[in-house]
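So the structure is just underneath, and the comments pick up after that.
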Amino acid sequence: MSVDRLSSTFAALADPTRRAILARLALGETSVAELAAPFSISPPAVTKHLKVLQRAGLITQGRQAQWRPCKLEAAPLQEAASFIEQYRQFWEQSFDRLDSYLQELQKQEQEKKTVRKNKKKA
1 MSVDRLSSTF AALADPTRRA ILARLALGET SVAELAAPFS ISPPAVTKHL KVLQRAGLIT
61 QGRQAQWRPC KLEAAPLQEA ASFIEQYRQF WEQSFDRLDS YLQELQKQEQ EKKTVRKNKK
121 KA
């Protein structure tokens, strides 16, 4: 995936209205009117949101007579998820190393306490 396409995907996902539209489309294709119904925004505003989603490749809009069904396209979301997964793995590995280091410090501290106790007894 090119950086520009990835940027378009993340820019489209940045808006809560567009994320809600995508969530609705995850249930199946539907008309623009049905997508607009839950929102208290004007029809032109809904159309603008749909165009942003379409430019990002997240939805397609068909044409069947008067009905213009919108459909979710999963590929850009999968590509964004792959990008995020790389960083999740990086941070998971970093946290695992940090956890190992902290456990080693605790072990060393415990050993020091044991040595001090043994010196006091002697």
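Residue numbers (UniProt numbering): 1 to 122.
Where is the CB? At the ideal position from N, CA and C, for every residue including glycine.
Asked                                                                                                                      : Found
Rounded separation between residue 58 and residue 42 - CA only                                                             : 22 Å
Residue span of the alpha helix (DSSP H) that contains residue 93, given as start and end                                  : 75-121
Exposed unless 16 or more other CB atoms sit within 10 angstroms - verdict on residue 75                                   : exposed
Residues of its chain near residue 6, where Cβ-Cβ distance is below 7 Å and the 5 sequence neighbours each way are ignored : 79, 80 and 83
Sub-8 Å separation of residue 24 and residue 35 beta-carbons                                                               : yes
Three-state class that DSSP yields for residue 54 in the structure shown                                                   : helix
According to DSSP, residues forming a beta bridge with residue 59                                                          : 72
The region 86-106 / the region 44-54 touching (three or more Cβ pairs under 8 Å)                                           : no
CB contact below 8 Å: residue 10 versus chain B                                                                            : The structure shown has no chain B; it contains just one protein chain.
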